[in-house]
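Data block below; observations after.
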Amino acid sequence: MRLTIDAEKCQGHGRCVLACPELFDLDDDGKVLLLSDEVPEDLEEFARRAVANCPERVIIAS
Ligand code: F3S
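See the structure below:
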């Protein structure tokens, strides 16, 4: 699984970080940072949760 983000749409809800802190963080402005666009197999379920939980639909999985 690969992830991309549209950071301009991020409103800083932080649900992605709660779902998977290994893959997401917030920058100093409270916008999402993608720590790795390649998702290890053992994190795929958490990455899916992050995608599903973002109300702004910032995170796209492929
Ligand atoms: Fe931003 Fe969505 Fe995460 S709004 S901080 S990408 S939950």
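So our numbering is basically just the index in the sequence shown, starting at one, shifted up by 6. We put the CB at the ideal spot given by N, CA and C, even for glycine.
The C-beta distance from A53 to L29 rounds to 6 Å, short enough to fall under 8 Å. Residue range 21-25 is occupied by the alpha helix (DSSP H) that includes L24. Excluding five sequence positions before and after M7, the CB atoms of its chain that fall closer than 7 Å to its own CB belong to V45, E50, A53, A67, given in chain order.
A check of alpha carbon separations from E14 across A25, D33, P27, V23 identifies D33 as the nearest.
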